[in-house]
Each structure stands twice: as C-alpha cells, then as structure tokens.
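These notes concern the structure reproduced below.
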Amino acid sequence: MITKDKVTEIFCIIDEFDKNLSAELAKNLRLPSHNSDGKRYRNRKGRLSESEIMTILVCYHFGAYRNFKEYYLNWVKGVMRQDFPDAVSYNRFVELMPRVFFKMMLFMKLYAFGKCTGITFVDSTMIPVCHNVRRYYNKVFAGLAKDGKGTMGWCHGFKLHLLCNDSGEVITFCLTGANVDDRDSRVWTVFAKVLFGKIFADRGYIKQELFDSLFSQGIQLVHGLKAKMKNKLMPMWDKIML
201 MITKDKVTEI FCIIDEFDKN LSAELAKNLR LPSHNSDGKR YRNRKGRLSE SEIMTILVCY
261 HFGAYRNFKE YYLNWVKGVM RQDFPDAVSY NRFVELMPRV FFKMMLFMKL YAFGKCTGIT
321 FVDSTMIPVC HNVRRYYNKV FAGLAKDGKG TMGWCHGFKL HLLCNDSGEV ITFCLTGANV
381 DDRDSRVWTV FAKVLFGKIF ADRGYIKQEL FDSLFSQGIQ LVHGLKAKMK NKLMPMWDKI
441 ML
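In this note's numbering, each residue's number is its place in the sequence shown (first place is 1) plus 200.
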C-alpha cells in the first residue's frame, strides 16, 4: 500500500493546484450570489477540504483495494485516521465526490497525462455497471449505460478507450457507451488531436476509412491481420511492437 510520505507528497501537489485554481476562478469567474428563488447561496467549508477529497480519490488507485468502500473504511478511516482526522462517513463522502469532479478532470489533464512520443498503443475495455440480468432494473446509469459486446461477451455499461505511449503513460482517454465501436469516428476525432507518428492496435481496429483518415493527418495505423486477409510486408520493428 502507498506510504504516508507519498500521501503527503500527493496532498501537497493537489493542494497547491487547488489553491491556484480557486484563486483564478475567484478572479475571473462571476457566479450568482442568489438562486432563482432569491435565496443566497451558501459557501461554507466542509469538514473535509476539496484537496483532501481529491487526495483520497487519487490514493485509492495506488493500493490493492478493489472495492472503494472497503478502502475508505479500512484505510482512510483506519490506517490513515491520524492524517485524515476529519474524515466523514462513507455515505457522506460519496455525496461529496461530485463536487470535485471538475477539478479532478482538470488535474488529470494537466498533471497525470503523458505526451505522445510518436509510438502509441490503443485499446479499449468494457466497464460493466451491473450484471446483464439486472440491466433492465439499473437506475444509477439509466439512459447512459448501453448494451455492447466485446471479446469477453455482452456487457451493460460503458467502454473506456485508452491511448498509451511507449513509456506506459496514458495520453488521453474517451468514455463512451458500451455499444460504441472501437473505430467510431467520434472517438478518433478526439484522439487525433494529440497523436502523431505510429499507433499500434489489435485486429479490432481494421477499417480502411479509419486508416485513410488518420494517414491524411500524418498518423499511421499499424494493426495485425485477420485470418483470411492477405499477408503484407511490414518493418520488423512494427511487427515486434504489435
């Protein structure tokens, strides 16, 4: 599990980012002081600061916990209770998480993503939100989660499309419904903005229109061949990278 020194380091980075962002927002963003009913908006500070909430969310991905509730109750309120003395209940923390969504996305974009090096790998994975049998009764992601089929079978939920460079760093990602194809033009419109050089993919990305579109933008899509496709010569380096 992550050490306390590392937690402190992560908190300091996030807290500095949060202070700078809040200062810029206060300077340039004008928010209404009253709602439509004429009531004044509250701006009270909670027990947990937004920096602490973001730190807890980031540290979750450094550990071996696969269940966030177990992580929060055992690690945050257990092992790290001295570092997070004002930790709220688990249910309350779940309610607070959406408050830092914007800042978390901006922090990831500025600090967490790598840069394209000219050698990129692309893949996708399904993110199920419930068992297929219960997909008609799921209310949490009603209207958002979709039915899709991948290499592991049918899934009700979302699909995460990822780009990684040759150092294993995530360049960017795209989250769609599970029914969106890996070769969908909307996904690649987002990806093409940060790409150059060669991009390596599996056989699920074979599509002539996609290859031509990327090639016209200076991006070469390299993929394997299906069983009934004609063999084509390719550099040994490309074959190794596949």
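Glycine is no exception: its CB is placed at the ideal position from the N, C-alpha and C atoms.
Helix, strand or coil: which one does DSSP assign to residue i?
i: Phe293; result: helix
i: Leu344; result: coil
i: Ser416; result: coil
i: Leu375; result: strand
i: Val300; result: helix
i: Lys309; result: helix
i: Lys277; result: helix
Between which two residues does the beta strand (DSSP E) containing residue i stretch?
i: Ala401; result: Gly397 to Ala401
i: Ile253; result: That residue, Ile253, is in no beta strand (DSSP E); its alpha helix (DSSP H) goes Glu250 to Cys259.
Residue i lies in the alpha helix (DSSP H); which residues open and close that run?
i: Asn448; result: Residue 448 is absent from the structure shown; the chain starts at 201 and stops at 442.
i: Ser163; result: The displayed coordinates of the chain run from 201 to 442. Any statement about residue 163 would go beyond what the structure contains.
i: Thr389; result: Ser385 to Phe391
i: Trp437; result: Met436 to Met441
i: Lys359; result: Lys359 -> not in any alpha helix (DSSP H); beta strand (DSSP E) instead, spanning Gly353 to Asn365.
i: Tyr265; result: Element bounds for Tyr265: n/a, residue is neither H nor E.
Determine the direct distance from the alpha carbon of residue j to that of residue i, and round the result to whole angstroms.
i: Asn275; j: Phe293; result: At residue 275 the sequence reads Trp, which differs from the Asn that was named. So the two alpha carbons sit approximately 14 Å from each other.
i: Pro285; j: Glu252; result: 11 Å
i: Met308; j: Val394; result: 15 Å
i: Phe313; j: Val370; result: 5 Å
i: Lys303; j: Lys439; result: 40 Å
i: Met280; j: Pro435; result: 52 Å
i: Phe301; j: Cys259; result: 16 Å
i: Ala378; j: Ile327; result: 8 Å
i: Cys355; j: Met254; result: 30 Å
i: Lys239; j: Ala226; result: 21 Å
i: Asp283; j: Thr317; result: 38 Å
Which residues does DSSP pair with residue i in a beta bridge?
i: Ile319; result: Lys398
i: Val422; result: Phe400
i: Ile327; result: Phe358
i: Lys349; result: Trp354
Which residue from the options puts its Cα closest to that of residue i?
i: Arg391; options: Phe373, Gly404, Asn332 and Asn379; result: Sequence check: residue 391 is Phe here, not Arg. That would be Phe373, whose Cα lies nearest to the Cα of Phe391.
i: Arg299; options: Val422, Gln408 and Leu257; result: Leu257
i: Thr325; options: Leu375, Tyr311 and Ala427; result: Leu375
i: Leu425; options: Val380, Val340, Ile214 and Phe400; result: Phe400
i: Glu360; options: Asp366, Arg247 and Ala345; result: The sequence shown places Leu at residue 360, rather than the Glu named in the question. Nearest option by C-alpha distance: Ala345.
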